[in-house]
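Trainee: Before anything else, here's the structure in question.
Protein chains: 2
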Amino acid sequence: MADFASALNDRDVLLLFGLTPPRASVTAEKADQIAEVTLRRLEGMPLDGLVLYDLDDESDRTEEERPFPFMRTMDPADFLADHLTGWSEAAVVYRSVGKYTPEELTTWLDSVPPGQPTVMVGASTSGKQVRTNLPEAQALCRSRRPDVPLGAVAIPERHKEKSNEHERLIAKQEAGVSFFVTQVVYDVTAAKNLASDYVYACRDRGLEPARMVFTLSLCGSTKTLQFLQWLGVDVPRWVQNELTNSRDPLGLSVVHALDTARELRAFCAHLGLRCGFNVESVSTRRAEIEAAVHVARQIAFEMGD
Amino acid sequence: MADFASALNDRDVLLLFGLTPPRASVTAEKADQIAEVTLRRLEGMPLDGLVLYDLDDESDRTEEERPFPFMRTMDPADFLADHLTGWSEAAVVYRSVGKYTPEELTTWLDSVPPGQPTVMVGASTSGKQVRTNLPEAQALCRSRRPDVPLGAVAIPERHKEKSNEHERLIAKQEAGVSFFVTQVVYDVTAAKNLASDYVYACRDRGLEPARMVFTLSLCGSTKTLQFLQWLGVDVPRWVQNELTNSRDPLGLSVVHALDTARELRAFCAHLGLRCGFNVESVSTRRAEIEAAVHVARQIAFEMGD
């Protein structure tokens, strides 16, 4: 496995590709087949790692109906170990820590291959019942597996609303976090505001800012747009108008994602913030997944070291 | 005088330069001198017109202290007619219509040179006592002087808050308005959202969108930043951070204004919305005024027909 900690440190622009594991109900053969198709799509791309999500039912976060129904998905670590066997590079395994008891997390942590990174995610709402909270899970990771690069999520939309997300990032960093992965970015100004407040706050405290990986996701239909909004992604009005009025929304979305990547990369270079991109598709639609692969390849061409 | 109505119609990118008339208390000699210095600064620039503001005391709009004290200024039409005598091109004379009785507005309208444009502005708050309201003033202009190109203001920040500014623009257009001048733009996403909603709403109604002139203003100090915010301009956090942490805030502001102009121009070209820029300085500081002149010249170089 490539050394993720070194990539985290050395890369100019870190490049990740995000995957949702197959539904929990699929057979082992089907899961193997999905893994194979996925790896074939990504062949030859200079990725620094995959990202494997650990889905949680977030329907408590909003009263609106989920545009795509929630399906329980396979455990990301199991999908990686049992099916993505052809993948020899790093993979960032997400953990929605509230789903697990401290014992379950400990058992899992003990089984993590050396150097394999994780992103620990807290509850989607503060009122939600959790088995382990985020600070507890982070402390467990630090004490049990200090070799595991520990990541956390960063949410520009929360910064827009509460103006203190940068303080939360610093608290996470002090809990051992060495990189951040954002929620899907459609509002580039909101992402720049968070990155800027974070970097200047680090500077005030004499801290080195941790790498910030921006998540990009494609949108080729009104339903996917609704789903992005359901997930809490702030899609600016002008982007909504373009996506709903275009004859080729997916092509437009590719252009928008690449513009976003270029603008964020230039801005982070100016700030002195190491950055990266995590490209994914929030839907399972083939055209949107292939567009995500295309965007990741284009970022590699334009920004590769 | 160059024909403003033709420029409004034909120009790829309309270029205006905004001026605040001198204080009402200055002598005629001093006003002549200010006019002369101003015209010397603008010499050789391919401007489609000056913009002459009609300041109103807006302190009812906010309880915060005005960073620069309010000073009564000379009437913009008087400054133009009596002092800017060396200016032979168009000039857009603003009218804060609430300050005047219908009789005063009529007298002024009757004196407007043929084809000289005006921008009529309503009250800064809905509760404010006015002598004439905006629809009355617009009707007066239409009936009395249909040859006068009539403009109105467009406020992206109001769209952010109430999401209906595009409907207000369409209502103004139906009242005879043939161009819009925005409030100072620092939040490019907010400006794009308004332009986009406006264009798609026009399309739905089979209306040709009127030209939108975006106002750009420079900022070289914390005090000017505070004044912009006092005026209601939404300056994104990242821009605030850059301006307050830079060793050369004015240089950075020049770069930001030009980036904003390029992004808005490209976006309007995509939308099929005729656009333009009105460059001004909200402060009377010499360095900021000269930076505004520089930005206008650069826009002319980059975007001139």
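In order, the protein sequences belong to chains A and B. Numbers in our numbering are just positions in the first sequence, counted from 1, shifted up by 1285. Numbers in our numbering are just positions in the second sequence, counted from 1, shifted up by 1285. Glycine residues also receive a C-beta, built at the ideal position from the N, C-alpha and C atoms.
(1) Contact criterion: CB-CB distance below 8 Å. Does B:Y1485 meet it with respect to chain A?
(2) Rounded to whole angstroms, what is the Cα-Cα separation between A:S1381 and A:D1339?
(3) Pick helix, strand or coil for B:Y1379, following the three-state DSSP scheme.
(4) Roughly how many angstroms separate the alpha carbons of B:V1462 and B:G1436, rounded to a whole number?
(5) Could you give the first and the last residue of the continuous beta strand (DSSP E) run that contains B:Q1468?
(6) Short of 8 Å in beta carbon distance, which residues of its chain neighbour B:L1261, apart from the five on each side in sequence? Order them along the chain.
(7) Taking Cβ-Cβ distances shorter than 7 Å, what residues in chain A pair up with B:W1523?
(8) Which value, in whole angstroms, describes the spacing of the CA atoms of A:L1537 and A:V1404?
(9) Quick check: the Cα distance between A:P1398 and A:Q1318, rounded to an integer number of angstroms?
(10) Less than 8 Å separating the beta-carbons of A:E1450 and A:A1439?
(11) May I ask which residues mark the beginning and end of the alpha helix (DSSP H) holding A:S1502?
(12) Under 8 Å between C-beta atoms, does B:T1500 make it to chain A?
(13) Would you call A:T1305 buried or exposed, if buried means 16 or more other Cβ atoms sit within 10 Å of its Cβ?
(14) To the nearest angstrom, report how far apart B:R1443 and B:G1517 are at their CA atoms.
(15) Between B:L1558 and B:V1498, is the Cβ-Cβ spacing less than 8 Å?
(16) Taking 8 Å as the cut-off, decide whether the C-beta atoms of B:Y1379 and B:L1337 are in contact.
(17) Buried or exposed for B:K1457, going by 16 or more other Cβ atoms inside 10 Å?
(18) Which residues in the same chain have their Cβ closer than 7 Å to the Cβ of B:E1343, if we skip the five residues on either side of it in sequence?
(19) Taking Cβ-Cβ distances shorter than 8 Å, what residues in chain B pair up with A:T1474?
(20) Decide if the stretch 1509-1528 of chain A is in contact with the stretch 1545-1552 of chain A; the criterion is three or more beta carbon pairs, one per stretch, under 8 Å apart.
(21) Assuming A:L1369 contacts A:A1313 under a Cβ cut-off of 8 Å, what Cβ separation, rounded to an integer in Å, is found between them?
(22) Which word fits A:T1529, buried or exposed, when buried means at least 16 other C-beta atoms lie within 10 angstroms of its C-beta?
(23) Tell me the DSSP bridge mates of B:V1404?
(24) Are the C-beta of B:N1526 and some C-beta of chain A separated by less than 8 Å?
(25) What are the residues of the stretch 1441-1452 of chain A that lie near chain B, defined by any Cβ-Cβ distance shorter than 7 Å?
(26) Cβ of A:G1329 within 8 Å of Cβ of A:T1500?
(27) Listed in chain order, which residues of the stretch 1563-1590 of chain B have Cβ atoms closer than 8 Å to some Cβ of chain A?
(28) With 8 Å as the threshold, decide whether the Cβ of A:N1530 is near any Cβ in chain B.
(29) Quick one: measure Cβ to Cβ for B:V1539 and B:A1576, integer angstroms, because I've assumed they're closer than 8 Å.
(30) Give me whichever residues DSSP pairs with A:F1562 in a beta bridge.
(31) Which term fits A:K1447, buried or exposed, when burial requires 16 or more other beta carbons within 10 angstroms of its beta carbon?
Mentor: From the atom records:
(1) Residue 1485 of chain B sits at position 200 when you count from the first residue of the second sequence. Interface annotation, B:Y1485: in contact with chain A, CB-CB separation under 8 Å.
(2) Here residue 1381 of chain A corresponds to residue number 96 of the first sequence, with the count starting at 1. Here residue 1339 of chain A corresponds to residue number 54 of the first sequence, with the count starting at 1. The straight-line gap from Cα to Cα measures roughly 6 Å.
(3) In the second sequence, counting from the first residue as 1, residue 1379 of chain B sits at position 94. Reduced to three states, the DSSP call for B:Y1379 is strand.
(4) Within the second sequence, residue 1462 of chain B is the residue found at index 177, counting from 1. Within the second sequence, residue 1436 of chain B is the residue found at index 151, counting from 1. Each residue's Cα considered, the two are about 5 Å apart.
(5) The count along the second sequence starts at 1 and reaches residue 1468 of chain B at position 183. Where B:Q1468 is concerned, the enclosing beta strand (DSSP E) starts and stops at F1464 to V1469.
(6) Within the shown structure, residues of chain B are numbered from 1286 to 1590, placing residue 1261 of chain B beyond reach of any answer.
(7) Translated into the one-based positions of the second sequence, residue 1523 of chain B becomes position 238. Those within 7 Å of B:W1523 in chain A are K1477, N1478 and S1481.
(8) Position 252 of the first sequence, counted from the start, is the residue given in the question as residue 1537 of chain A. Position 119 of the first sequence, counted from the start, is the residue given in the question as residue 1404 of chain A. C-alpha separation (whole angstroms): 30 Å.
(9) The residue you call residue 1398 of chain A lines up with position 113 of the first sequence. The residue you call residue 1318 of chain A lines up with position 33 of the first sequence. Distance between the alpha carbons of A:P1398 and A:Q1318: 24 Å.
(10) Counted from its first residue, the first sequence places residue 1450 of chain A at position 165. Counted from its first residue, the first sequence places residue 1439 of chain A at position 154. Yes, Cβ-Cβ distance for A:E1450 and A:A1439 is below 8 Å.
(11) The count along the first sequence starts at 1 and reaches residue 1502 of chain A at position 217. For A:S1502, no alpha helix (DSSP H) run applies; the uninterrupted beta strand (DSSP E) run containing it begins and ends at R1496 to S1502, by DSSP.
(12) Here the question's residue 1500 of chain B lines up with position 215 in the second sequence. Cβ-Cβ to chain A under 8 Å: no for B:T1500.
(13) Your numbering for residue 1305 of chain A matches position 20 in the first sequence. Burial call: buried.
(14) Here the question's residue 1443 of chain B lines up with position 158 in the second sequence. Here the question's residue 1517 of chain B lines up with position 232 in the second sequence. Between B:R1443 and B:G1517, the C-alpha separation is close to 9 Å.
(15) Translated into the one-based positions of the second sequence, residue 1558 of chain B becomes position 273. Translated into the one-based positions of the second sequence, residue 1498 of chain B becomes position 213. No, the pair does not count as a contact, with Cβ atoms beyond the cut-off.
(16) Looking up residue 1379 of chain B in the second sequence gives position 94. Looking up residue 1337 of chain B in the second sequence gives position 52. Taking 8 Å as the Cβ cut-off, B:Y1379 and B:L1337 qualify as a contacting pair.
(17) For the purposes of this step, residue 1457 of chain B is taken as the residue at position 172 of the second sequence. Burial is judged here by how many other beta carbons sit within 10 angstroms of a residue's own beta carbon; B:K1457 has at least 16 and is buried.
(18) For the purposes of this step, residue 1343 of chain B is taken as the residue at position 58 of the second sequence. Take B:E1343, set aside five residues on each side of it, and the residues of its chain with a beta-carbon closer than 7 Å to its own are S1409, in chain order.
(19) If you number the first sequence from 1, residue 1474 of chain A lands on position 189. Within chain B, the residues near A:T1474 are D1472, V1473, T1474, P1521 and W1523.
(20) no
(21) As a working note, residue 1369 of chain A is residue 84 in the first sequence. As a working note, residue 1313 of chain A is residue 28 in the first sequence. With 8 Å as the limit, A:L1369 and A:A1313 do not qualify as a contact, their Cβ atoms being about 13 Å apart.
(22) As a position in the first sequence, residue 1529 of chain A is number 244, starting the count at 1. Classification of A:T1529: exposed, given that the 10 Å Cβ count is below 16.
(23) Here residue 1404 of chain B is taken as the residue at index 119 of the second sequence, counted from 1. Per DSSP, B:Y1379 and B:G1436.
(24) Numbered from 1 along the second sequence, position 241 holds the residue referred to as residue 1526 of chain B. Cβ-Cβ to chain A under 8 Å: yes for B:N1526.
(25) none
(26) Within the first sequence, numbered from 1, the residue matching residue 1329 of chain A stands at position 44. Within the first sequence, numbered from 1, the residue matching residue 1500 of chain A stands at position 215. Going by C-beta atoms, A:G1329 is not nearer than 8 Å to A:T1500.
(27) none
(28) Numbered from its first residue, the first sequence carries residue 1530 of chain A at position 245. By this cut-off, A:N1530 is an interface position.
(29) For this step, residue 1539 of chain B is matched to residue 254 along the second sequence. For this step, residue 1576 of chain B is matched to residue 291 along the second sequence. Yes, they are in contact, since the Cβ atoms of B:V1539 and B:A1576 sit about 5 Å apart, within 8 Å.
(30) Taking the first residue of the first sequence as position 1, residue 1562 of chain A is located at position 277. Per DSSP, A:L1300 and A:F1499.
(31) Within the first sequence, residue 1447 of chain A is the residue found at index 162, counting from 1. Classification for A:K1447: exposed.
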